[in-house]
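Worksheet: the structure to be examined is printed underneath.
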Amino acid sequence: MKKRDGPPGKGPSRRLDCAGKHANGPSTRFVQGATKQMRAKQHLEEALRAALADKGWAWPEKAVIEPPKDKRFGDMSANVAMLLAKEAKKAPRAIAEDLAAALSADALFEKIDIAGPGFLNFTFAPSFWRKTVGVIREAGEAYGDSTLGNGTRVQVEYVSANPTGPLHIGHGRGAALGDSLVRIMEKAGYDVEAEYYINDAGRQMNILGNSILYRARELGGKNPAEPEDYYRGEYIIDIARACMALNPGLLDLPEAEAMEVCKVYGMNDILQGIKDDLAAFGVRHDVWFSEKSLVADGKVEETFADLTASGMGYEADGAFWFRSTQLGDDKDRVLRKSNGDTTYFASDIAYHDNKFKRGFDLVVDIWGADHHGYVPRMMAACEALGKKGGLAVILVNLVNLLKNGEPIAMSTRAGQFETLKDVVDEVGSDASRFMFLSRKSDSKLDFDLELVKQQSMDNPVYYVQYAYARIRSLQKKAEEAGTRAAEDTPAALAPLDTEHDMELLRLLDQYPDYVESAARTQSPHLISMYLQELASTLHRYYTNCHVLSAGEDVAAARLALLGCVADVLKNGLGLLGVSAPDSM
RNA sequence: GGGCUAUUAGCUCAGUUGGAUAGAGUGCUUGCCUCCGGAGCAAGAGGUCGCAGGUUCGAAUCCUGCAUAGCCCA
């Protein structure tokens, strides 16, 4: 999570939706196998589009094709008839009847119903669903890939904690979210780069240097006066000790020089610790970007020149201002004070200017929710840079760390916190990540160490992993018995004819829709929820449909189906950065 | 004083651009192991979607006001 000292401003909230440019495009986004077999939603959309075009009606913008909430209504439901009522000047139900008649020739639809105000409900033939097995097998790990992003260049910047102390659990949530989002957006066809912004140029670094120097003097028996503002954590003492070992003459150096040595040593040491912790958490950053480099390279002044040229920046009272009032802010913001210091906001604008100049079409920032007031101003700045809509900000809310229901206090400054490393060591990377990603990012999260460690239904990660392990165990047994999964032929898969089979097949078919949805709304928790539902359906299947004792043909067909379930479970867990163990 | 976000079952939370009888887990009550991993499955009870208006064929969802909580600012 990002730490910023700049004062947040006022302004209207904005919906931070950076939906892909092709959200309303045709249904050919998903990567297809050579069989041309389509998934249910695609097939239906294509059929409906053809029927509408045939009648001279335009495809309504708000058309939705989705599985109905209540399964009794069929496999897929469409609302087009209701949306067309005005244009066609006919009652929705009459339109629905026309469409149903036109589509009834399609053999893949077993049943088309009209219900309620004019919903069209479709039930697909079992033979259609069975083909899902072939689709998944053919796609392999690419199942769920789509071209939604269309190669859009995206940068996701996340964690970006100041290198002044170890990462705590709140950073962990941002890390899990950012890393998972990168994986999901890549799967959805975006060209994604992950970045960590190192705030190494500000006041925080000086406080860090002072903190270390203070502890060093203490260790050297100098009885220094306690600084007003310093990092009190134990880790500072360790750093001070190491720094002195490396620089024996440290305490004899002039104040400013000693400070600098401490600062640089401390920052590098802490940054290395952060990198190690993130690596242990399975989190990837492609670029580590230094704020200092931005200043050193003159990028800040360059951005000021750009702003002046576009009329969005001006000099007044010896300071340089950003004309943010023109973009809805209630007052203009200072970027360079009269004493020559540039503000945090100035660095941030220059940083984002730099991001866009590197060629990203979309920049996603993941910040702590306490920076929400800063969002409108940063959006305004991007607009001033001529990149309106190029920035999306995701806010990550607080994590309440608990132990058996008792809160554990966290504060870097006061030096009391449970570090990310401690938590990962205690409960594991898989359980922590799944916990972080099982809620939408903008709501507060209670993270109870005992609960997350528990191997029960309070902790859904085991439920999902167990589903996978169950299948793997079954496959192993089948192999020992010489039973093989069926081929992808209609005849071989014909034994998949129960309602339990259909339930699994329908859910497997929907996976790519969930991936797209998660990418479009930048919500990894949708994947987590999908996986819990798939696992639940699998466990039910396992209880109701015995595999190995069911006779050779049935066993083979069921093994084929469950193989697909295992693949999709692993695929989805991979998007969350959670492992899929063969046994637990 | 201004702004942002939230408020859904006892508890923790889903609910995608307004759709059908508001969902899941947990907890509670009650069933299911001669059988592929019971870390499992099934059934039941549990709701005025914070409150009051409005918009329309239709609102947990959109609009207005109010209440409560958290955060940011002045």
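Here this note's numbering runs 54 ahead of the position in the first sequence, where the first position is 1. Virtual Cβ for every residue (Gly too), placed ideally from N, Cα, C.
The C-beta of Ala229 has 16 or more other C-beta atoms within 10 Å across all chains shown, which makes the residue buried. With fewer than 16 other Cβ atoms inside 10 Å of its own Cβ, Leu300 counts as exposed. The Cβ atoms of Val246 and Val213 do not sit closer than 8 Å to each other.
For Ala161, no beta strand (DSSP E) run applies, since DSSP gives it neither H nor E. Only residues of its own chain outside the window of five on either side were considered, and among them Ser234, Arg487, Phe488, Leu491, Pro578, Ile581, Ser582 have a CB closer than 7 Å to the CB of Leu630, listed in chain order. Ala610 and Ala545 do not touch by the CB rule: their CB atoms are close to 11 Å apart, not below 8 Å. In the three-state reduction of the DSSP assignment, Asn393 falls in the coil class, being assigned neither a helical nor a strand state. Non-local C-beta neighbours of Ala614 in its own chain, meaning closer than 6 Å and more than five positions away in sequence, comprise Val187, Ala539, Ala540, ordered along the chain. With fewer than 16 other beta carbons inside 10 angstroms of its own, Val341 counts as exposed.
With respect to the 8 Å criterion, Thr397 and Val388 are classified as neighbours on the basis of their beta carbons.
Gly440 and Val354 have their C-alpha atoms some 17 Å from each other.
For Ala521 and Thr552, the gap between their C-alpha atoms comes out near 20 Å. DSSP places Pro461 in the strand class (E or B) of the three-state scheme. Runs of the alpha helix (DSSP H) lying entirely within the stretch 300-368, each at least 4 residues long, are 309-334, 345-350, 353-363 in chain order. Its chain contains Asp129, Met130, Ser131, Arg560, Gln564 as the residues whose beta carbon lies nearer than 8 Å to that of Pro121, once the 5 sequence neighbours on both sides are disregarded; these appear in chain order. Rounded to whole angstroms, the separation of the alpha carbons of Met366 and Leu221 is 37 Å.
Counting along the chain, the unbroken alpha helix (DSSP H) around Gly224 starts and ends at 223-241.
In the structure shown, the three-state DSSP call for Glu120 is strand. Along the length of the stretch 391-451, whole alpha helix (DSSP H) runs at least 4 residues long occupy 398-411, 429-438, reported in chain order. In this structure Gly444 is in contact with Val417, their Cβ atoms being roughly 6 Å apart against a cut-off of 8 Å. Taking a C-beta distance under 8 Å as the contact criterion, Ser495 and Asn451 qualify as a contact pair. Taking all protein chains in view, the Cβ of Ser200 is crowded by 16 or more other Cβ atoms within 10 Å, so the residue is classified as buried. A Cβ-Cβ separation of about 7 Å places Gly219 in contact with Tyr289 under the 8 Å criterion. If you check the CB distance, Leu305 and Gly274 come in under 8 Å. Distance from the Cα of Asp407 is smallest, within the candidate group Gly626, Ala296, Glu356, for Glu356. Comparing C-alpha distances from Leu616 to each of Thr543, Ser527, Tyr584, Pro635 shows the shortest one belongs to Ser527.
Contact holds between the stretch 259-271 and the stretch 315-323, because three or more Cβ pairs, one in each stretch, are under 8 Å apart. Close CB contacts of Asn598 within its chain, under the 7 Å cut and outside five residues either way in sequence, are with His554 (chain order).
At the C-beta level, Ala196 and Leu157 stay beyond 8 Å of one another.
Counting C-beta atoms within 10 angstroms of its own C-beta, Asn277 has fewer than 16 neighbours from the protein chains shown and is therefore classed as exposed.
By a beta-carbon distance limit of 8 Å, Ala438 contacts Ser364. Their separation comes to about 7 Å. Using a Cβ distance threshold of 8 Å, Tyr584 and Tyr568 count as a contacting pair. Bounds of any beta strand (DSSP E) do not take in Ala139; it lies within the alpha helix (DSSP H) bounded by 134-142. With fewer than 16 other Cβ atoms inside 10 Å of its own Cβ, Gln326 counts as exposed.
In the DSSP assignment, the residues bridged to Glu211 are Glu249, Asp419.
Within the same chain, Val388, Arg390, Lys391, Ser392 come within 7 Å of Ala373 by CB-CB distance, once the 5 residues on both sides are set aside.
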